[in-house]
Each structure stands twice: as structure tokens, then as C-alpha cells.
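Colleague: One structure follows; several queries about it will come next.
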Amino acid sequence: MLYRFHQVMSLCTYGISALLALILLNACTEPIGTVSPTPHTIPTLFPTLDIPSDIPETDPPSDLVVPDTGWIAGSNSVESRRIQVDLGADLLSGSITVVRFDPTIVRMRVAYDADNPRLLSEWFNETNPLIAVNGGFFTEEYRSTALVISDGAISGQSYENFGGMLAVASDGTVSIRSLSQQPYNPDESLVQAMQSFPMLIQPGGIPTDVDNIDRAQRTVVAQDRNGRIMFVVSPDRLFTLSGMAQWLSESDLEIDSALNLDGGSSTGIIVNADAAQEQIEALGRLPLILLVES
Numbered sequence: 001m002l003y004r005f006h007q008v009m010s011l012c013t014y015g016i017s018a019l020l021a022l023i024l025l026n027a028c029t030e031p032i033g034t035v036s037p038t039p040h041t042i043p044t045l046f047p048t049l050d051i052p053s054d055i056p057e058t059d060p061p062s063d064l065v066v067p068d069t070g071w072i073a074g075s076n077s078v079e080s081r082r083i084q085v086d087l088g089a090d091l092l093s094g095s096i097t098v099v100r101f102d103p104t105i106v107r108m109r110v111a112y113d114a115d116n117p118r119l120l121s122e123w124f125n126e127t128n129p130l131i132a133v134n135g136g137f138f139t140e141e142y143r144s145t146a147l148v149i150s151d152g153a154i155s156g157q158s159y160e161n162f163g164g165m166l167a168v169a170s171d172g173t174v175s176i177r178s179l180s181q182q183p184y185n186p187d188e189s190l191v192q193a194m195q196s197f198p199m200l201i202q203p204g205g206i207p208t209d210v211d212n213i214d215r216a217q218r219t220v221v222a223q224d225r226n227g228r229i230m231f232v233v234s235p236d237r238l239f240t241l242s243g244m245a246q247w248l249s250e251s252d253l254e255i256d257s258a259l260n261l262d263g264g265s266s267t268g269i270i271v272n273a274d275a276a277q278e279q280i281e282a283l284g285r286l287p288l289i290l291l292v293e294s
């Protein structure tokens, strides 16, 4: 009996121990309660406000392209104009800037400094003119390829039988002429002069048939039938020389004569004449420019 008692007690003790172990095991394996995420507040979407019908329409953005600004009158007879050009089948388009003035009201000067070429804006800031525009052709050493007369000082050699010349006589008369029709005479009384090539419009309004297929930026100096001088600047690679001549002759600018100046990276013009304002900076330094002063 005593043996059976001890046997029963041992079994009970074992059973209790097993039961406790099972309870502890279940406690360890019981899944932990899931923590609910913090709710995020979703903003309330309000309906779009109705726009009252009586609010006036705003003006269109100022950067819209205007096909033709018309002549904008500035000071000292200076007028500027921008014309949008679309060459149609060639799928080329861009703008042309035209600036004109009465040479009897202002003064034209040729500025030349081969030893110290400057950006067009630097030339402009030094002299503060009404207009500064790039001039004729020059070499890699910044020497003019043709005759230059700057404030009476003569440099270089005249072209012969080709090209043209912008000239200011001692009495202030300004002219653009073909050197094949009217060669330069060293005995002429000129205070300012600059030569370039080719003539795009011969005196009398006759367009020149120029053999050229390269499109480039262009600068042209011209004189209309009323004697006004104008600068025509195409900062985009739109025109061949023959295309430029054709556009000039077909335009409403009434051009009597026109001379091609240096183009490409030299093309540039700055105008500061009250309402007449333009700035097209040349990409390189220039030894030779034209100035219009009050």
C-alpha cells in the first residue's frame, strides 16, 4: 500500500508538473494582439468655386509672337520694327529687326579699333549712342578687309570693282553706293566710310543676283527712297544672300540700295532711343562697328 501510495503521489506530481508546463507553453505560443495603425485624417475636398461670369478677360501673355509690330517711334527720328518671317516650304521661321532713322537729324560714325576688339555691348556702354550695330568683315587678326574711315582717319585698302560703301561726306550727307558703279576716290572729302560686300540692292532698287546657298545670320545697311538709313538684322539662320536680297526687294521698306555687312556670329544691334529698344548681342568681339548718335 505504501508503495502504491508513493506511486500514485509520483504520478500526481508528474501530472501536475506536466499540466503546469502545458499551461506555460500555451502562454508562450498565444498570439500577441495586433496593434491597430494610427488612423490618418483624410482632408475634406471642397467643390471648385464657380467663376463669376462678369470677371473681365485678361490680356494675352506678352511673350506671344506678333507677326509685325509696325513702326515704333523712338527719339531723334529712330524707329524700330520687328517682322516675323515664315519661309513656307523650307519650314524656316524667325524674326527680322529693322531700325531706321533720318541721317539729317542724327550723326553716323564708324568706330574701328583692331588692337582692342570689344563685344557690341561694351562698345555701346563706352559711347552711349542711340544705335550700335556690327560693321564689315575683318580678318582673324581683327583687321578690316577693306577701306575704313573713322573720324577722318583712313585705314586699309578699298575694294575694286565689287562690293559697296557706306559713306558720310564732310557736309553730313550719307550715301550707300556700289563700288563697281562708283569707285572710291582718295580725293573725296569723307569723314566716315566703311566698305563691305556684296551689294544686295543696287542703287535704284535693283536686286542683285548673288550666287550663295548658305543660310546665316545677316546684317544689312540700306537706304530707302526717302533717304532714310536703316539697319536690317536677321539673328536667325534664315536667309542666303540671294534670299535676303529677294526679301528686301519684295518688302514694304521701299529700299533704294542695300549693302550686306558681316553676319554669322558678328550679327548684332543695340538700340536705346526711348520707346525704340532692341538688343541682339553679337557672339564675338568686334573691331568695327557703326554708331548712330544724337
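Sequential numbering from 1 applies to the sequence shown in our numbering. Virtual Cβ for every residue (Gly too), placed ideally from N, Cα, C. None of these values were measured; they are calculated from a predicted model.
Given this structure, state the Cα-to-Cα distance separating Thr-38 from Val-66, to the nearest angstrom.
Modeller: As a working note, residue 38 is residue 38 in the sequence shown. As a working note, residue 66 is residue 66 in the sequence shown. Because the pLDDT at Thr-38 is just 44, under 50, the model does not fix this residue reliably, and the point stays unresolved.
Colleague: Taking just the CA atoms, how far does Phe-231 sit from Gly-88?
Modeller: By 1-based counting over the sequence shown, the position of residue 88 is 88. By 1-based counting over the sequence shown, the position of residue 231 is 231. C-alpha separation (whole angstroms): 25 Å.
Colleague: Once DSSP output is grouped into helix, strand and coil, what is the label at Gly-264?
Modeller: Within the sequence shown, numbered from 1, the residue matching residue 264 stands at position 264. In the structure shown, Gly-264 sits in a helix (DSSP, three-state: H, G or I).
Colleague: Along the chain, which unbroken stretches of the alpha helix (DSSP H) at least 4 residues long are found entirely within the segment 85 to 142?
Modeller: 120 to 127
Colleague: On the CB-based measure, 16 or more other CB atoms within 10 Å of its CB, does Asn-128 come out buried or exposed?
Modeller: Start at 1 with the first residue of the sequence shown, and residue 128 comes out as number 128. By the 10 Å Cβ count, Asn-128 comes out exposed.
Colleague: CB-CB under 6 Å to Tyr-159, same chain, minus the five flanking residues each way: which ones, in chain order?
Modeller: Counting from 1 along the sequence shown, the entry for residue 159 is found at position 159. Result list for Tyr-159: Ala-146, Leu-179 and Gln-195, in chain order.
Colleague: Is Gln-217 near the ligand MG, going by C-beta to nearest heavy atom under 7 Å?
Modeller: Here there are no bound small molecules, and the ligand MG is not part of this structure.
Colleague: By Cβ distance below 6 Å, which residues in the same chain neighbour Leu-241 in space, the five residues on each side in sequence not counted?
Modeller: As a position in the sequence shown, residue 241 is number 241, starting the count at 1. The answer, listed in chain order, is Val-210 and Asn-212.
Colleague: Please identify the residue among Arg-100, Gly-74 and Gly-94 whose C-alpha is closest to the C-alpha of Gly-227.
Modeller: Within the sequence shown, numbered from 1, the residue matching residue 227 stands at position 227. Considering only alpha carbons, the answer is Arg-100.
Colleague: If you check the beta carbons only, do Gln-202 and Thr-208 fall under 8 Å apart?
Modeller: As a working mapping, residue 202 is identified with position 202 in the sequence shown. As a working mapping, residue 208 is identified with position 208 in the sequence shown. Yes. Within cutoff.
Colleague: Using the beta-carbon count (16 or more within 10 Å), is Ile-149 buried or exposed?
Modeller: The residue given as residue 149 occupies position 149 in the sequence shown. By the neighbour-count rule (16 or more Cβ atoms within 10 Å), Ile-149 is buried.
Colleague: Buried or exposed, going by whether 16 or more other CB atoms sit within 10 Å of the CB of Ile-96?
Modeller: Taking the sequence shown and counting its residues from 1, the one referred to as residue 96 is at position 96. With 16 or more Cβ atoms within 10 Å of its Cβ, Ile-96 is classed as buried.
Colleague: Measure the alpha-carbon distance for Ala-193 versus Val-168 and round it to whole angstroms.
Modeller: Here residue 193 refers to the residue found at position 193 when the sequence shown is read from its first residue. Here residue 168 refers to the residue found at position 168 when the sequence shown is read from its first residue. The alpha-carbon of Ala-193 is positioned some 6 Å away from that of Val-168.
Colleague: Among the residues of its own chain, which have a CB less than 6 Å from the CB of Val-133, if the five just before and after it don't count?
Modeller: Here residue 133 refers to the residue found at position 133 of the sequence shown. Within the same chain, Val-133 has close Cβ partners Phe-231, Ile-269 and Leu-290.
Colleague: Under a three-way DSSP split, which group does Glu-293 fall into?
Modeller: What you label residue 293 is simply residue 293 of the sequence shown in a count that begins at 1. Glu-293 falls in the strand class under three-state DSSP.
Colleague: Does the distance from the C-beta atom of Leu-301 to that of Leu-200 stay below 8 Å?
Modeller: Here the chain covers residues 1 to 294 and nothing more, so residue 301 does not appear.
Colleague: Could you spell out where the alpha helix (DSSP H) holding Leu-286 opens and where it closes?
Modeller: Within the sequence shown, residue 286 is the residue found at index 286, counting from 1. Premise fails: Leu-286 is in no alpha helix (DSSP H) and is neither H nor E.
Colleague: Quickly, what does DSSP pair Pro-207 with across the bridge? List them, please.
Modeller: Translated into positions along the sequence shown, residue 207 becomes position 207. In the DSSP output, where bridge partners are listed per residue, Pro-207 has Ile-201.
Colleague: Name the one or two DSSP bridge partners that Asp-224 has.
Modeller: Here the question's residue 224 lines up with position 224 in the sequence shown. Partner(s): Ile-255.
Colleague: Please name the residue, chosen from Asn-116, Ser-121, Ile-72 and Val-85, that lies closest to Ile-280 on a Cα-to-Cα basis.
Modeller: The residue you call residue 280 lines up with position 280 of the sequence shown. That would be Ser-121, whose Cα lies nearest to the Cα of Ile-280.
Colleague: Could you tell me the alpha carbon to alpha carbon distance between Val-110 and Gln-157, rounded to whole angstroms?
Modeller: As a first step, residue 110 must be located in the sequence shown, where it is residue number 110. As a first step, residue 157 must be located in the sequence shown, where it is residue number 157. Straight-line Cα distance between these residues: approximately 16 Å.
Colleague: With Gln-181 as the anchor, note down where its beta strand (DSSP E) starts and where it stops.
Modeller: On the sequence shown, position 181 is the one that residue 181 refers to. Per DSSP, Gln-181 belongs to no beta strand (DSSP E) and is neither H nor E.
Colleague: Roughly how many angstroms lie between the CA atoms of Val-85 and Ser-93, to the nearest whole one?
Modeller: Here residue 85 refers to the residue found at position 85 when the sequence shown is read from its first residue. Here residue 93 refers to the residue found at position 93 when the sequence shown is read from its first residue. If I take the Cα positions, the gap works out to 5 Å.
Colleague: What ranges does the beta strand (DSSP E) occupy inside the segment 144 to 190, keeping only unbroken runs of at least 3 residues that lie completely in it?
Modeller: 148 to 150, 153 to 155, 164 to 169 and 174 to 178
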